């Protein structure tokens with residue numbers, strides 16, 4: 001018996017088609033969503049950071065695997081992938097039932113080097129423990145910056161596993177591999193069982209891991225430290241908001257400037273730290289809940 005293969009869609013797949021398969025199987029491949037040249041440009045820009053990244057320190061992070069983050073700040077080539085309309089369209093459908101907005105959860109280039117063994121299978125949602133049981137907390141992507149093959153460490157995936165009991169373990173004949181050409185993307189839920197593959201080849205496997213989560217949950221990569229205000233203020237407003245420089249919902253995420261009496265804003269939205277006010281269309285549902293009233297004093301002082 002062989003594992004159910006992952007469904008592959010073409011680059012014109014709609015968010016609705018992507019979401020339908022992710023809900024059913026837990027993962028889907030969208031082939032050739034960016035060009036091979038675009039993937040090569042990401043690699044070229046990030047190569048110095050990746051080369052300087054130490055290998056993992058345990059079996060989960062991988063003794064022959066490097067994980068390089070802070071990609072919003074470091075890599076302009078990565079930013080269009082983070083805000084790719086096909087991926088964000090899928091996030092809109094998959095995550096919005098559980099939140100007023102979602103956020104960027106993690107950016108990481110994962111380089112699996114020759115000799116790396118299989119990562120143990122896991123569900124990403126367990127980053128929050130077993131507490132978030134009734135919702136889907138995240139939607140994830142791994143972009144193939146090199147070809148992904150079973151031989152070079154293509155991601156292991158267990159189709160259908162989001163619907164399994166938490167204690168059920170996958171057998172070898174239930175595991176398939178996200179084999180896909182460079183420029184393709186694996187889109188998968190936080191509930192699907194998966195793990196890095198074994199690299200039995202002679203070349204590195206490069207994957208760009210970009211994930212999104214509900215804005216009322218803690219981010220895995222702290223975007224405010226990885227991309228602080230002095231860098232974030234130069235970004236496109238939509239990307240600023242995706243990082244988290246906006247309210248997660250009514251009263252979630254405001255700040256007070258640590259200044260002298262009467263010198264700074266009180267109870268201000270995060271956008272103020274970037275030198276601007278919230279966009280009217282960025283949080284329409286939040287504003288309807290009363291955000292304008294909450295920040296009336298702050299805006300008057302700005």
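In this note's numbering, the protein residues as written are 1 to 302.
Beta carbons are placed, not taken as given, at the ideal position from N, Cα and C, and that holds for glycine.
Here the structure is a predicted model, which is why all the values come from computation and not from measurement.
Three CB pairs or more closer than 8 Å across the region 155-170 and the region 80-89: Three or more beta-carbon pairs separated by less than 8 Å are not found between the region 155-170 and the region 80-89, which leaves the two stretches without contact.
Could you please give the first and the last residue of the uninterrupted beta strand (DSSP E) stretch that includes residue 265? Segment: none, residue 265 is in no beta strand (DSSP E) and carries neither H nor E.
Local conformation of residue 127 per DSSP, three classes: Reduced to three states, the DSSP call for residue 127 is helix.
If you count every other CB in all the chains shown that lies within 10 Å of the CB of residue 59, and 16 or more means buried, which is it? The residue is exposed, with fewer than 16 neighbouring Cβ atoms inside 10 Å.
Alpha carbon to alpha carbon, how far is residue 90 from residue 15? Give it in angstroms, no decimals. 5 Å
Mind listing, in chain order, the continuous beta strand (DSSP E) runs of no fewer than 3 residues lying wholly within the region 19-101? 27-30 and 65-68
Span of the alpha helix (DSSP H) holding residue 324? Absent from the structure is residue 324, since the part of the chain shown begins at 1 and ends at 302.
Between the beta-carbon of residue 194 and the beta-carbon of residue 156, is there less than 7 Å? yes
Helix, strand or coil for residue 224? Go by DSSP, reduced to three states. helix
Let me know if residue 101 comes out buried or exposed under the rule of 16 or more other beta-carbons within 10 Å of its beta-carbon. Around the beta carbon of residue 101, a 10 Å sphere encloses 16 or more other beta carbons of the protein chains shown; the residue is thus reported as buried.
Span separating the alpha-carbon of residue 171 from that of residue 154: 18 Å
Since I believe residue 140 is in contact with residue 93 (beta carbons under 8 Å), could you give me their beta-carbon distance rounded to a whole number of angstroms? At roughly 15 Å, the Cβ-Cβ gap does not stay under 8 Å, so residue 93 and residue 140 are not in contact.
Compute the distance between the beta-carbons of residue 74 and residue 98, then report whether it is under 7 Å. no
Please classify residue 17: does DSSP put it in a helix, a strand, or coil? helix
Between the Cα of residue 32 and those of 135, 166, 179 and 62, spot the shortest distance and give me the residue it belongs to. 179
Ordered along the chain, which non-local residues of its own chain (more than five positions away) have a Cβ less than 6 Å from that of residue 190? Closer than 6 Å at the Cβ level, and outside the excluded window around residue 190, lie 124, 125, 137 and 138.
Relative to the C-alpha of residue 41, which residue among 183, 209, 151 and 63 is closest? 183
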